[in-house]
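Residue numbers (the numbering used here), protein chains in the order written: chain F, 1 to 316; chain R, 317 to 631; chain E, 632 to 1172.
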């Protein structure tokens, strides 16, 4: 196990290096330059101003030099300054990652709250009306385009019913209960959507478990069905559900752009998206790299937990 | 999708063997009947299949059943309610919504099908190759896949589509770029799936045997492995169709979708946001079209999973 | 600008305001009836206004800001030498009065006594000079702001209260141009925190800013302005800016009472909203925000005389193919007005003496297109992706050109790519707009004058007669004469067609009538200026 873990950690290095090259390459290939935007278009001294800025931001150097310098500083967690706001990248990222993590964690938890009972029930009553209802209703979650669903939610719950604020963000550290009412709509939008995947997964792993011999043994020993399901099968069936949810969580960090812009949620996805549009190179590079790190580390953790919980998986 | 999900799907089908292949003449004749028979085992699959048949039917028949040119605008008759002349009314520029839906659907379904097929065409041989040769090829290949998977959420699409703006494509080529991005981003999941299967298959004796008989190694790998991963691939692919359609819609919302005036459900829905309160039908039609299509693919995929997964079958 | 009475602003010093406030408070305490309680409600201090906007600012250093820094909540921290009123006339701000030499080569500004930056530093002549020099330095400022000062040779300090601008060329409109892309004054001592905590001299002080989420401002107690009773302005304790990109969500926020004031009510909603909710919400059409237009590429390619002898014919064909009424209806939902020149009827510079562009005539468009060389070639229309009306105008023009038989392609692109294409001349038609040119010199000298860098970069139009008029108008003091001169230039533009004006860009703001009082939208939105906007707004309840 230890050897396997160490080897997996060692493998992260080339992956992240590859990711950094890919991001740098993408950013390099983006059409249009931020210098044009920063310099502006009016005035006779544009060329002079352009040279000054290119020098200040090091954009006059060849790409490999810039990459090497950037990498050298990045490994020391120094990502430089945003070219647009001129504030440190670390500030721009750190001030936004918590909001996205908050949204993603609550959204995923919500999806599990919906999906696990639904999936279990569907598996236990396979091919019954409950099963079909569960399957179709869970599919509804992924059938609706996210932004449409989100706006419909705002119109329904905020405008017509007046139950919830339409948008905005309050940090849970400042005012926990206050932050919840702003969280409900976006988190529900995520939860509803992710629940579709999770319900299916729970249902199929539950079916899988129910077909195992120990279930028959337990039943034949006269254990109540309820106990068989909740004590044994559900517990085993949970393993893939929980691990996959971990992966979805990591993936959501860059996947909430749409919801962030509708609900005015100050998250990292929107920041990177706007940075792409504005060509704020260092912010794109650092943002994607940091999120990439989180994803990769999450993947590793999930794999390790999975292997720990599920001894059938061999340490290949 | 992660290694785990892929593993799981592979796990589920490793034990399953393709039935003996019937002679070619009979194959085609019975294929459809067999398929329908199999499908009827799962109610979801049959509902999905019927929905898909309708969808594909509409896509194929579009030029005959559409009533208007989808990009012809008539700003003097904008925002018209459904009528005999315009079955579903007209949009903000006076274009016929019904015809736009048909043409947009035809385009979107084609994009989704080609993108998914392409991701299979790249991903499967990639996975098979890396898995079969192992060693350095495997390590490098899998690190590339990991690197691609490390782009969270939409970021890979966003970067890809933004970079593609430099290539000055228009019309058809814009769709090609979209297809490229979708195929590229969908590839790792298929590569993983294929590789896992190859690794399992490699251990088996018959591979050794056919290698000893002088078959070239890649052909062996592909020929032996493909039948085993067909069913998980079909399932992931059908689910992926729905996913692709939603991604295209999300990109349109973010302003990186299909440029106007090309009919596109995502852009049409996105543009109809402004009229959601004053003319709600304009937003409802493309929205419902997306829902229908995604639902159809997913129901079909889910049903197939039930049918193809041997653990779930005879119980 | 010799009219001294015009330059005499509110002369009370800060001490006097305070005295006046105390007296008023005293009367109130003594139980005497308030001065204006009958009928109209009397403004009262206090309250925080929540302002929802479509966009957010991109940075805090006002000298470097790369986007329009005129309508965002953060604009509340900015202030400068000169203000303007609803008639677009320059009004005293930090400068109490000013004068220009008879040759219009030297402008002298007298600073208000007691005016301060937010950190308590006095606004003296040296600090104004420092600001001008920082803005003129390409290292530290943005070209747009810098271009306002491009004619300024140097600035000298006469005494603590007097600062003198020495120009390279005579200029009749320097004062109003200092408001136009505002030469905002920043406290020299606080330059280190310009990007994180700006210290300016506007009516509100900066408190915090979290991008795409919230910005918080608090009242600057020592702001120089007072109301007619001598109460110090602004009335509001603070201002919370909430950028909410999604139009529907922003409007919902207003309707549910989460926001007090919003900008950019979607054109699709505006008429219905006014009709259905006019009782509970005030709507404010901003008099003039900008002018939408089609920019033709005259630097190279099919529409340029350099590469195509029939370029003018083609441009005429395009103009005949475009139905302005269609744009008015389909893009702007019938709001605002069609434009024949740069200035709308809300502007004192609006002129009826302009010869219109070629009228909509599809048959003529088709005939001209067939006749002209290059009429069958491919035309590229580009539009910026961040402004819906530019995209939608582009969409319509694209369809109208197709109807006239043109082989047109539409590309919707982000800002950086637009700049690159404009610079390289890699386009034929650019669906765009221009705004906030208070004085016509701001428009004509930058975009029509053949030597102007912006014109050369983007459009390449050259008409010697137009150039002569524009340069002569700079030296003309009489506004009526200047207006006629510019009308002549507009006529030339509508004939030569380097640009086809399409429509004035309407903008509708809406506010919660029960809470927001005293707000009166000004020429360019919430912040401008004397006698309007946020400074005189107060919250009821």
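All C-beta atoms in this analysis are idealised placements derived from N, C-alpha and C, irrespective of residue type, glycine included.
Return yes when at least one heavy atom of the ligand COA lies under 6 Å from the C-beta of residue 1084(E), else no.
Here there are no bound small molecules, and the ligand COA is not part of this structure.
Measuring straight from C-alpha to C-alpha, what distance separates residue 545(R) and residue 258(F)?
34 Å
To which residues does DSSP link residue 1138(E) through a beta bridge?
Note: residue 1138(E) sits in no beta bridge, so no partner.
Return the CA-CA distance between residue 475(R) and residue 490(R), expressed in angstroms with no decimal places.
15 Å
What does the alpha-carbon distance come out to for the pair residue 1031(E) and residue 488(R)?
21 Å
For the beta strand (DSSP E) that contains residue 1043(E), what are its first and last residues?
1038 to 1044
In its own chain, which residues sit with a C-beta less than 8 Å from the C-beta of residue 1064(E), not counting the 5 before and 5 after it?
Result list for residue 1064(E): 921, 922, 923, 924, 1018, 1020, 1021 and 1136, in chain order.
In chain order, what residues of the same chain have a beta carbon less than 8 Å from the beta carbon of residue 15(F), not counting five sequence neighbours either side?
296
Report the option in 917(E), 751(E) and 892(E) whose CA atom is closest to the CA atom of residue 1139(E).
917(E)
Straight-line CA distance for residue 7(F) to residue 452(R)?
15 Å
Between 1014(E), 1060(E), 1141(E) and 794(E), which has its C-alpha nearest residue 755(E)'s C-alpha?
The option with the nearest alpha carbon to residue 755(E) is 794(E).
Any beta carbon of chain F sitting closer than 7 Å to that of residue 469(R)?
Interface residue, yes.
In this structure, how does DSSP classify residue 869(E) when only helix, strand and coil are distinguished?
strand
Is the beta carbon of residue 1034(E) sitting closer than 7 Å to the one on residue 991(E)?
The criterion of a C-beta distance shorter than 7 Å is not satisfied by residue 1034(E) and residue 991(E).
Given this structure, state the Cα-to-Cα distance separating residue 611(R) from residue 118(F), to the nearest angstrom.
18 Å
Identify each residue in the region 587 to 616 of chain R for which the Cβ-Cβ distance to at least one residue of chain E is less than 9 Å, and report them in chain order.
587, 589, 590, 591, 592, 593, 594 and 595
Closer than 7 Å to chain E by CB, residue 619(R)
no
Local conformation of residue 785(E) per DSSP, three classes
strand
So does the region 105 to 122 of chain F actually touch the region 200 to 208 of chain F, counting three or more Cβ pairs closer than 8 Å?
yes
How many whole angstroms separate the CB atoms of residue 1117(E) and residue 988(E), which I take to be in contact at a CB cut-off of 8 Å?
That pair is no contact at about 16 Å.
Are the CB atoms of residue 1036(E) and residue 884(E) within a distance shorter than 7 Å?
no
When the Cα atoms are used, what is the spatial distance from residue 30(F) to residue 493(R)?
15 Å
If you scan the region 789 to 813 of chain E from start to end, which runs of the alpha helix (DSSP H) of 4 or more residues do you find wholly inside it?
805 to 808
Is there contact between the region 185 to 200 of chain F and the region 153 to 161 of chain F, where contact requires at least three CB pairs shorter than 8 Å?
yes
Spell out the partners DSSP gives residue 166(F) in its beta bridges.
BP columns for residue 166(F) are empty, so no partner.
Taking residue 900(E) as the query, report the chain R residues whose CB atoms sit under 9 Å from its CB, ordered along the chain.
Within chain R, the C-beta atoms nearer than 9 Å to that of residue 900(E) come from 590, 591, 593 and 594, in chain order.
From the DSSP output, read off the bridge partner residues of residue 741(E).
Bridge partners of residue 741(E): 728(E) and 793(E).
Chain R contact residues for residue 879(E), given Cβ-Cβ distances below 9 Å:
In chain order, 589, 590, 592 and 593 make up the part of chain R whose C-beta sits under 9 Å from the C-beta of residue 879(E).
Short of 8 Å in beta carbon distance, which residues of its chain neighbour residue 896(E), apart from the five on each side in sequence? Order them along the chain.
878, 882, 904, 914, 1139, 1140 and 1141
For residue 36(F), which residues in chain E fall below 8 Å Cβ to Cβ?
1047, 1050, 1051 and 1054
Closer than 9 Å by beta-carbon distance: list the chain E residues that pair up with residue 168(F), in chain order.
844, 845, 873, 875, 884 and 889
Select from 773(E), 1081(E), 1000(E) and 736(E) the residue whose C-alpha is nearest the C-alpha of residue 52(F).
773(E)
If I follow the unbroken beta strand (DSSP E) through residue 1012(E), where does it start and stop?
1009 to 1015
Where residue 954(E) falls: helix, strand or coil (DSSP)
coil
Determine the extent of the alpha helix (DSSP H) in which residue 287(F) is found, giving its start and end residues.
281 to 309
Mark residue 1023(E) as exposed unless 16 or more other C-beta atoms lie within 10 angstroms of its C-beta, in which case mark it buried.
buried
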